[in-house]
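Numbering (my numbering), first residue to last: 2 to 211.
Note that CB positions come from ideal geometry on N, CA and C, so glycine has one too.
Below is one structure, written out as structure tokens; the observations come after it.
What follows is the structure, given as structure tokens:
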């Protein structure tokens, strides 16, 4: 992923705050020799203090042999993406039809070392961490090894602790464009009101050039 200086996060807090609320991504692991990487969409819970993300998958998932053979993985999250029409990007004094279309998006890629969790008690703890992230209001019984209602289901899954060893983050929101163009993009997103337009507009307005 190419990251220009104007698209780089201002600090770790920026990408960590974004990742805390963007918790569905794709886990990529090395495939067998001569085969492409394996990619699994999944929910996860990121813990900045522990420097890890936790998740789980069904025991029959084909990722497991690949993870055990090569635990290096990448967890990739992309969201708040929109298409920007060319005329919105035309600089003042330039014909609108000469503007260059582009994409705006946020992306965080976590390079990880995967740790498989098979102990029933540890799996229950991992699941409770995930549920606590997604359901802070509660409403579900806690998982506990050997106890109803989820204890008997633990054998059907395996847990994953993804130890973060590196981070690449990008917030591509017209950072190199003039103020006039940025204002036009923000206004265009507000008027269009499509999926993710409000989120992208907030980034454009928030990430004013220094």
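Three or more beta-carbon pairs separated by less than 8 angstroms are not found between the stretch 181-194 and the stretch 16-28, which leaves the two stretches without contact.
Taking residue 97 as the centre and dropping the five residues before and after it, the same chain places the C-beta of 88, 91 closer than 6 angstroms to its C-beta, in chain order.
A straight line joining the alpha-carbon of residue 130 with that of residue 124 spans about 10 angstroms. For residue 69, the enclosing alpha helix (DSSP H) begins and ends at 64-70. Per the C-alpha coordinates, the member of 77, 41, 174 positioned closest to residue 32 is 41. Look at residue 156 here: in three-state DSSP terms it is helix.
By the Cβ test, the stretch 167-177 is not in contact with the stretch 135-150, since fewer than three Cβ pairs between them sit closer than 8 angstroms. Of the candidates 111, 59, 210, the residue whose Cα lies closest to the Cα of residue 159 is 59. Close CB contacts of residue 86 within its chain, under the 7 angstroms cut and outside five residues either way in sequence, are with 102 (chain order).
Closest in alpha carbon position to residue 84, among 186, 38, 203, is 186. Using a Cβ distance threshold of 8 angstroms, residue 105 and residue 181 do not count as a contacting pair. Under the DSSP definition of a beta bridge, residue 174 lacks any partner. Assignment of residue 194 by DSSP, reduced to helix, strand and coil, places it in the coil class. Boundaries of the beta strand (DSSP E) harbouring residue 42: 39-44, taken from the DSSP string. Close CB contacts of residue 164 within its chain, under the 8 angstroms cut and outside five residues either way in sequence, are with 52, 53, 113, 114, 115, 116 (chain order). Between residue 68 and residue 26, the gap from beta carbon to beta carbon reaches 8 angstroms or more.
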